[in-house]
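When we follow our numbering, the leftmost residue of the sequence shown carries the number 1, and every step to the right adds one. In this text, a Cβ means the ideal position worked out from N, Cα and C, and glycines have one as well. These notes concern the structure reproduced below.
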Amino acid sequence: MTSVRPKLKPETPKSITAWETATGRTVWLKADGSWTEDITQLGVFTGDAAEAALASALKQEGLVTDPYFMEVTAEGAITGRETLRESLRAQFSAGGLATSGSTQETV
1 MTSVRPKLKP ETPKSITAWE TATGRTVWLK ADGSWTEDIT QLGVFTGDAA EAALASALKQ
61 EGLVTDPYFM EVTAEGAITG RETLRESLRA QFSAGGLATS GSTQETV
């Protein structure tokens, strides 16, 4: 894994994730432009809509911190966890911490 965020192609489905500034919790941008802690409600964006959503998220940096793209499937499932940060966000948002096996230990 690397600490450098991968450059995603415009057609790659992506979500926008950030930290809520007041609480430090991981949040996801919904399709309607609001933020949620519920990973199942994340918005899926591609192309120009993705760039517009990220630009809007960056303007909300008082509410959230460091919004950026994270690769997802067209259905919104987390994929492409190339960085340690993305792996941790996905695991903790799902309510657990992955262990070496296929089971999860809740935190």
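For residue i, the nearest candidate out of the options (CA to CA)
i     : options                       : result
Ala31 : Leu63, Gln41 and Gly24        : Gln41
Trp19 : Leu58, Pro13 and Ala53        : Leu58
Ala77 : Ile39, Glu51, Gln60 and Ala53 : Ile39
Ala52 : Thr79, Leu29 and Lys7         : Leu29
Arg25 : Thr65, Phe69, Glu75 and Leu8  : Thr65
Leu54 : Glu11, Gly33, Lys9 and Ala74  : Gly33
Residue environment, residue i, which counts as buried when at least 16 other CB atoms sit within 10 Å
i      : result
Pro67  : buried
Ala49  : exposed
Thr17  : buried
Ser15  : buried
Gly101 : For Gly101, the predicted model reports a pLDDT of 37, less than 50, meaning its position is unreliable and no value from the coordinates is stated.
Assigned secondary structure, residue i (DSSP; H/G/I helix, E/B strand, else coil)
i     : result
Thr12 : coil
Leu63 : coil
Ala57 : helix
Glu51 : helix
Thr21 : coil
Thr40 : helix
For residue j and residue i, believed in contact at Cβ under 8 Å, the rounded distance
i     : j     : result
Glu37 : Val27 : 6 Å
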